[in-house]
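If you count the sequence shown from 1, you need to add 16 to reach my numbering.
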Amino acid sequence: MATCAGVSRRLAGGLHALLSQASFGSGPGFAAASRSLAKSRGDLGLALATATTTTTTATASAGPRGTSHAPPSSGREEGSPGTSRAYGSARTEKDSASTTYDVGCSSNIRWHESPVTRDARERQLDQRGCVLWMTGLSGSGKSTVAFTLEHLLQEKGKVCYVLDGDNVRHGLCKDLGFTRESREENIRRMGEVAKLMANAGIVTVVSIISPFAEDRDRVRSSLGADFHEVYVKVPLSVCEERDPKGLYRKVREGKIKGFTGVDSPYEAPRSPEVTLEAARGEPADMAKELYEYLEEKGLLKF
């Protein structure tokens with residue numbers, strides 16, 4: 017770096033000399049200054065290349081923290097709500113000679129670290145980012161409870177957003193159907209978006225059937241302590257009686273195949289953080305129960 021600084025000074029001097037001679041037109045002084053400037057530029061390029069190589073080598077040898085190859089974390093360690101940790105898992109093969117790497121099907125990319133930390137965002141909002149993952153049969157009331165909770169939190173001055181399964185299929189997931197593979201990808205995308213929102217300090221409520229335990233567990237593993245599973249436990253008979261979108265009727269008429277709870281399985285959560293049951297009251301009562309859960313976990317203050 018000292019070499020680079022010395023050449024920079026020489027370049028500045030040459031530029032000064034060149035500008036001084038410019039007003040007198042071409043001549044010996046002008047030509048000499050030009051040659052000096054050109055030589056200094058060449059020396060500076062060499063010095064910068066050497067410095068860059070040295071810095072890259074030193075950074076690569078420093079491991080994940082030096083290279084920033086692993087993106088910063090979306091979750092916090094269990095039992096430590098104020099501690100930021102690495103975002104997601106390191107799914108990269110690090111090349112010590114490069115500042116870019118491959119992730120999945122994407123090549124030559126790099127995570128760009130923000131100077132604004134997660135703690136800074138949460139301190140500004142006076143709350144903790146988290147994900148309430150609401151799962152249950154179609155017609156169980158997930159969306160109604162989710163939006164009721166969002167309204168309640170907004171009235172209390174908290175920032176909340178609902179990622180509803182149907183709403184997301186209007187855009188982000190409109191290219192997906194309802195095959196096993198499409199449902200798995202749908203859950204993966206929802207989980208990744210929820211992870212980003214939790215990192216922003218937002219109380220994120222995901223309302224989606226998510227029938228397979230394996231898919232939900234994969235999201236839990238990715239989000240860590242930010243993930244809170246909410247099982248909206250309503251019997252199939254009650255959901256079918258409600259039938260707010262007329263889907264159960266279409267299933268019984270043979271117009272829809274592979275419908276969750278009827279001719280496609282729903283795997284109930286084994287140990288959810290919260291279980292909401294229809295017998296407990298109206299959507300407002302369930303939303304209040306979730307609000308109290310967030311308060312109890314210390315997620316509504318920094």
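Glycine is no exception: its CB is placed at the ideal position from the N, C-alpha and C atoms.
Assign residue i to buried or exposed, taking buried as 16 or more other Cβ atoms, counted over all protein chains shown, within 10 Å of its Cβ.
i      : result
Arg199 : buried
Ala136 : exposed
Ile125 : exposed
Ser130 : exposed
Ala162 : buried
Glu155 : For the record, residue 155 in the displayed sequence is Gly; it is not Glu. It counts as buried.
Asp231 : buried
Gly145 : buried
Thr276 : buried
Val132 : exposed
Gly3   : In the structure displayed, the chain extends from 17 to 318; residue 3 sits before or after that span and is not available.
Pro260 : exposed
Arg236 : buried
Glu312 : exposed
Glu298 : exposed
Glu323 : Any answer about residue 323 is impossible in this case: the structure gives the chain only from 17 up to 318.
Arg255 : First, the amino acid is wrong: residue 255 is Cys here, not Arg. Label assigned to Cys255: buried.
Gly314 : exposed
Lys266 : exposed
With DSSP run on the structure shown, which of helix, strand or coil describes residue i?
i      : result
Glu289 : coil
Ser130 : coil
Leu179 : strand
Thr151 : strand
Asp142 : coil
Asp118 : strand
Ser9   : Residue coverage of the chain in this structure runs from 17 to 318, which leaves residue 9 outside it and unanswerable.
For residue i versus residue j, is the C-beta spacing smaller than 9 angstroms?
i      : j      : result
Leu148 : Val250 : no
Met206 : Cys189 : yes
Leu179 : Ala216 : no
Met302 : Thr164 : yes
Thr115 : Ser123 : no
Val290 : Tyr307 : no
Phe318 : Arg134 : no
Can you tell me which of the options puts its alpha carbon nearest to the alpha carbon of residue i?
i      : options                           : result
Phe243 : Glu269, Thr116 and Pro288         : Pro288
Glu293 : Gly157, Val235, Glu257 and Glu308 : Gly157
Asp142 : Asp182, Val219 and Gly187         : Val219
Thr160 : Arg185, Val248 and Leu316         : Val248
Tyr282 : Arg204, Cys121, Leu252 and Phe228 : Phe228
Glu245 : Arg265, Cys255, Asp233 and Glu308 : Asp233
Thr274 : Val290, Phe194 and Lys313         : This sequence places Gly at residue 274; Thr is not what is there. Out of Val290, Phe194 and Lys313, Phe194 has the C-alpha closest to the C-alpha of Gly274.
Ser226 : Ser280, Val175 and Glu166         : Ser280
Val278 : Gly314, Gly187 and Leu252         : Leu252
Ile224 : Gln140, Arg139 and Val184         : Val184
Glu171 : Lys304, Gly187, Glu201 and Ile272 : Lys304
Leu153 : Leu168, Gly240 and Pro285         : Pro285
Ser238 : His186, Gln140, Ile203 and His128 : Ile203
Leu316 : Cys121, Cys176, Val119 and Arg134 : Cys176
Gly240 : Asp182, Glu166, Glu208 and Arg268 : Glu208
Of all the CB atoms in chain B, is at least one closer than 9 angstroms to the CB of residue i?
i      : result
Thr115 : Absence of chain B from the displayed structure is noted, only one protein chain being present.
Cβ of residue i within 8 angstroms of any heavy atom in the ligand GTP?
i      : result
Gly277 : Within the structure as shown, the ligand GTP is missing, as the structure has no ligands at all.
Subject >> Unbroken stretches of the beta strand (DSSP E), 3 residues or longer, contained in the stretch 192-263 >> reply: 219-223 and 243-249
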